[in-house]
Each structure stands twice: as C-alpha cells, then as structure tokens.
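Peer 1:
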Amino acid sequence: MAEANDAEYRAHLDTYTSFNKLVMFMLLWIVLLLSSMALGLVAHVGFLAVVLGVGGTVVLLAAFAMMN
C-alpha cells in the first residue's frame, strides 16, 4: 500500500470535515422543517411556523457559513 503524503492527507481531512458539516446541516434543517410543519398543520399556528421556518433556515445558513 502506498504511503499518503501530507498534502493528500490534509486534502482528505478537509473533504471529510466539509462532508460532516453538510450532513449536520441537513439533519438540523430537516428537524427544523418537520417542527415547522408540525406547528403549521397540527397546532394551527401557520404564521409562527413560517417565521420559524424562514428565520431558522437563515440562522442555520449563517451559522454554517461562519464555521471553520
């Protein structure tokens, strides 16, 4: 098996880290989406559901954009 040099290792680690962030973002966004749908459909507070959904999506996007 060939030895990986330092640059290849760092590239792989960067790819792995960014993929983990993408998966975490999608999991959190799906939970946010499902909770907004529950508020709108089950609890009949549609306006709060829209505000939570849009505001939460913006906050998630900003938080994950600022993460290193």
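When we follow the working numbering, the leftmost residue of the sequence shown carries the number 38, and every step to the right adds one.
For glycine and all other residues, C-beta sits at the position ideal for the given N, C-alpha and C.
Since the structure is predicted, the reported quantities are computational estimates derived from the model, not experimental observations.
To the nearest whole angstrom, what separates the beta carbons of L69 and L97, a pair I think is in contact under 8 Å?
Peer 2: Right, their Cβ atoms sit about 7 Å apart.
Peer 1: Closest by CA to N105, which one among A86, A48 and T54?
Peer 2: N105 has its Cα closest to that of T54, out of A86, A48 and T54.
Peer 1: Return the chain-ordered list of same chain residues with a C-beta closer than 8 Å to the C-beta of S72, the five sequence neighbours on each side being excluded.
Peer 2: Counting only Cβ-Cβ distances below 8 Å, and skipping sequence neighbours, we find L89.
Peer 1: Thinking C-beta only, is F101 closer than 7 Å to F62?
Peer 2: The answer is yes: Cβ separation under 7 Å.
Peer 1: Considering M103, what are the terminal residues of the alpha helix (DSSP H) in which it resides?
Peer 2: First-last of the alpha helix (DSSP H) with M103: G83 to M103.
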